[in-house]
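Reviewing the structure listed below.
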Amino acid sequence: MSAPGPAAPSNGAPHTAAVRDGNLERLTGRDHDVLIVGGGINGAISALALANHGLRVALIDSEDFASGVSQESSNLIWGGFKYLQTYDVALVAGLCRSRNLLARSYASRVQEVRFLAALGSTSPYSPAYAALGAHAYWALGRFATGRPRLLSSRSLATAEPTIDSGDVQGAVEYSDYLLADNDARFVLQLLLDAVDSGAVAVSRMRLDGAERASGGWRAEVIDRLTGDRHTVEAAVLVNAAGPRATELAALTGTALRQALCYSKGAHIVVPQVTESGRVLAFFDDDQRLFYVIPMGHRSLIGTTDTRVEEAEVSITHDDRDFLLEQANARLRLPQPLLHDDVIAYRCGVRALVVDESEDTDRDWTELSRRHAVEADRQRATISILGGKLSDCLNVGQEVVTAARKCGLAPEVPDRAWYGEPPAGVRERFHRSAVRAGIDEPAAARLWRRHGRRALEVADLVEETPELGEPLSDLVECSAAEVMVMARHEHILSMDDFLRRRTMLAMLETAETLSADPGVERAEELLFGPGPERPVSAANESGRGAA
Numbered sequence: 001m002s003a004p005g006p007a008a009p010s011n012g013a014p015h016t017a018a019v020r021d022g023n024l025e026r027l028t029g030r031d032h033d034v035l036i037v038g039g040g041i042n043g044a045i046s047a048l049a050l051a052n053h054g055l056r057v058a059l060i061d062s063e064d065f066a067s068g069v070s071q072e073s074s075n076l077i078w079g080g081f082k083y084l085q086t087y088d089v090a091l092v093a094g095l096c097r098s099r100n101l102l103a104r105s106y107a108s109r110v111q112e113v114r115f116l117a118a119l120g121s122t123s124p125y126s127p128a129y130a131a132l133g134a135h136a137y138w139a140l141g142r143f144a145t146g147r148p149r150l151l152s153s154r155s156l157a158t159a160e161p162t163i164d165s166g167d168v169q170g171a172v173e174y175s176d177y178l179l180a181d182n183d184a185r186f187v188l189q190l191l192l193d194a195v196d197s198g199a200v201a202v203s204r205m206r207l208d209g210a211e212r213a214s215g216g217w218r219a220e221v222i223d224r225l226t227g228d229r230h231t232v233e234a235a236v237l238v239n240a241a242g243p244r245a246t247e248l249a250a251l252t253g254t255a256l257r258q259a260l261c262y263s264k265g266a267h268i269v270v271p272q273v274t275e276s277g278r279v280l281a282f283f284d285d286d287q288r289l290f291y292v293i294p295m296g297h298r299s300l301i302g303t304t305d306t307r308v309e310e311a312e313v314s315i316t317h318d319d320r321d322f323l324l325e326q327a328n329a330r331l332r333l334p335q336p337l338l339h340d341d342v343i344a345y346r347c348g349v350r351a352l353v354v355d356e357s358e359d360t361d362r363d364w365t366e367l368s369r370r371h372a373v374e375a376d377r378q379r380a381t382i383s384i385l386g387g388k389l390s391d392c393l394n395v396g397q398e399v400v401t402a403a404r405k406c407g408l409a410p411e412v413p414d415r416a417w418y419g420e421p422p423a424g425v426r427e428r429f430h431r432s433a434v435r436a437g438i439d440e441p442a443a444a445r446l447w448r449r450h451g452r453r454a455l456e457v458a459d460l461v462e463e464t465p466e467l468g469e470p471l472s473d474l475v476e477c478s479a480a481e482v483m484v485m486a487r488h489e490h491i492l493s494m495d496d497f498l499r500r501r502t503m504l505a506m507l508e509t510a511e512t513l514s515a516d517p518g519v520e521r522a523e524e525l526l527f528g529p530g531p532e533r534p535v536s537a538a539n540e541s542g543r544g545a546a
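Given below as structure tokens:
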């Protein structure tokens, strides 16, 4: 295992507290055009869009950014192939357009991956019919991905021996996209780009009340770290509270034209099932799709789709057992996956948009996965209902339109408001990486994870080469990278670092992380020397299903 590395130089001391204090002063010490409540995908993309259209933007979240539904997804950026089951062609075409734009705009973060769908006795479709659907999906996606192909059961056994082909009649291979890191990191990067464009963002800040004032809103917020109360003033309030959007609408007196209902999705993380890099797809015993998805050196299995009444959910023994049972029945493994093989859990709710008159008692999977952005000019509120990672650019653009309806005057940006930094910035980083002796794979990873902030990492390594070494065999981040993360990424706990800024809490058990010197070194770089802190509440609580 690699040595922890040298002590950080004085200019690399943790900046977290000072940065948060400065952000809090900016949040409360000035008027804003927009106050966004919620730091998940909808809030982050709204902040990015509005800030790049010249508006003064503030964002708060009662927890860490992306710590709700946005950290519980399948990490897929897709056009919604499975929604062709309900013949929602318009939804799929729209999602494919958004997917393609996202993949082009964030080429290092959103990567094409092959899906292999095995079709056996539980499949509602024959291989030939599924292949027809795959080609329709390819066409709806404007042929932006690799061509689909139909495989016989014999060809499948050769192509992916991990799949138990005994009950399989055939398979269809097609392409979609996967986040190279994780969903929460992708959301955070969008939010950091918004901050670079002038937005201010503060986590652990709970909205306690809001009242109309001359020229907009006066929001009362509570700092959950100190208990202090503050006032934030803004012309327009954006409700990006995700599954809790209806609660926030009630608090602000906003009448929503549409409603939300909820579906629980659960995943389990297990040791790597296949080294092929493919996403494996199957129909479960209820004829619903589930996947085995690459996640670092592990595999993510899911998801379930269970109707629930509340936004607060947790994984149950039944969820875990169902996923293990379905996977074991369809995979050819040296040993069946057992409870003790589960490394971590992911569980969240999908907030589904429905009309008040819509029948939500019909087949659960037939409910549309669309989103809605509602503007209430009289109340000066914008409410975002539903939404998903794949469709986030559309949400951002619609929020800008809604801001105009609410009386604001967004400017027209001189370049696209989304996307990775320009090619010139990337070229400058790669020159810096070469000077610093950072090898190509490490440089590519730094660019993917940090964009223009990767230049700061390269500068630190060029000055002190030892800071470029991985903290341990487990923690591939270098001291320089963690120091830059401390400066910019609003990390207030080790759980923020292990669960959302990296995938470590999804890839290793809490016990493994607790014993790793690289984790200890990262904690010291983030927070300075001090008493031992809890390693990963998310992973530790995830060790036992409810």
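Letter 463 of the sequence shown, counting from 1, is numbered 463 in my numbering, and no numbers are missing.
Glycine included, C-beta positions come from ideal geometry on N, C-alpha and C.
Out of the options, state which residue places its alpha-carbon closest to the alpha-carbon of residue i.
i: ALA66; options: ALA199, VAL168, LEU192; result: LEU192
i: ILE222; options: GLU520, GLN287, SER46, ALA210; result: ALA210
i: VAL475; options: VAL519, GLU440, THR274, GLU466; result: VAL519
i: LEU260; options: ARG307, GLN287, ARG288, ALA380; result: ARG307
i: VAL313; options: ALA344, VAL349, LYS405; result: VAL349
i: THR162; options: SER493, GLN335, VAL342; result: GLN335
i: ALA171; options: GLY29, LEU59, LEU156, ASP181; result: LEU156
i: ALA329; options: PRO294, LEU385, ASP284; result: ASP284
i: VAL269; options: ALA201, LEU352, ASP321; result: ASP321
i: SER74; options: ASN394, GLY253, LEU179, GLY38; result: LEU179
i: HIS53; options: ALA486, ARG435, GLN397; result: GLN397
i: ALA241; options: ARG428, LEU507, GLY68, ARG30; result: GLY68
By the three-class DSSP mapping on this structure, what secondary structure does residue i have?
i: PHE322; result: helix
i: ASN539; result: With a pLDDT of 45 at ASN539, under the threshold of 50, the modelled position of this residue cannot be trusted; read the value that follows with caution. Looking at ASN539 - three-state DSSP - the assignment turns out to be helix.
i: GLU524; result: helix
i: PRO148; result: coil
i: ALA458; result: helix
i: ARG610; result: The displayed coordinates of the chain run from 1 to 546. Any statement about residue 610 would go beyond what the structure contains.
i: PRO124; result: coil
i: GLY54; result: coil
i: ALA17; result: helix
i: ASP363; result: Confidence is the limiting factor: at ASP363 the pLDDT is only 49, short of 50, which leaves the residue's position unreliable, though a coordinate-based value still follows. In the structure shown, ASP363 sits in coil (DSSP, three-state: anything other than H, G, I, E or B).
i: GLN169; result: strand
i: ILE45; result: helix
i: ALA257; result: Per the sequence shown, residue 257 should be read as Arg rather than Ala. DSSP places ARG257 in coil when its eight states are reduced to three.
i: PRO336; result: coil
i: LEU471; result: coil
i: PRO271; result: strand
For residue i, which residues does DSSP report across the bridge?
i: SER175; result: ARG114
i: HIS163; result: Before going further, note that residue 163 is Ile rather than His in the sequence given. LEU331.
i: GLY265; result: GLY348
i: TRP217; result: ARG212, ALA234
i: SER383; result: ASN239, GLU374
i: TYR291; result: ALA281, GLY302
i: LEU76; result: LEU178
i: LYS229; result: Before going further, note that residue 229 is Arg rather than Lys in the sequence given. Partner(s): ILE222.
i: ILE60; result: VAL37, VAL202
How should residue i be labelled, buried or exposed, when 16 other C-beta atoms within 10 angstroms of its C-beta is the threshold for buried?
i: THR502; result: buried
i: GLN189; result: buried
i: ALA47; result: buried
i: HIS297; result: exposed
i: SER123; result: buried
i: HIS32; result: buried
i: ALA18; result: exposed
i: ASP391; result: buried
i: ARG229; result: exposed
i: ARG404; result: exposed
i: GLY542; result: At GLY542 the pLDDT is 42, less than 50, meaning the model places this residue with poor confidence; the figure from the coordinates comes in the next sentence. Buried is the call here.
i: ASP183; result: buried
i: SER126; result: exposed
If you follow the beta strand (DSSP E) that residue i is part of, which residue opens it and which one closes it?
i: CYS477; result: No beta strand (DSSP E) contains CYS477, which DSSP labels as neither H nor E.
i: LEU35; result: 31-37
i: ALA372; result: 372-376
i: PHE547; result: Because the chain here runs from 1 to 546, residue 547 falls outside it and cannot be looked at.
Within the continuous alpha helix (DSSP H) that includes residue i, where are the two ends?
i: TYR129; result: 127-140
i: SER299; result: SER299 -> not in any alpha helix (DSSP H); beta strand (DSSP E) instead, spanning 298-302.
i: ASP193; result: 183-196
i: VAL89; result: 89-105
i: ARG396; result: It is Gly, not Arg, that sits at residue 396 in the sequence shown. Segment 392-405, the alpha helix (DSSP H) holding GLY396.
i: PRO465; result: Note, PRO465: premise wrong, no alpha helix (DSSP H); not H, not E.
i: ALA249; result: 245-252
i: THR512; result: 510-514
i: ARG449; result: 440-450
Regarding residue i and the ligand ZN, is the C-beta to nearest heavy atom distance less than 7 Å?
i: ARG404; result: The ligand content of the structure shown is nil, which means the ligand ZN is not present either.
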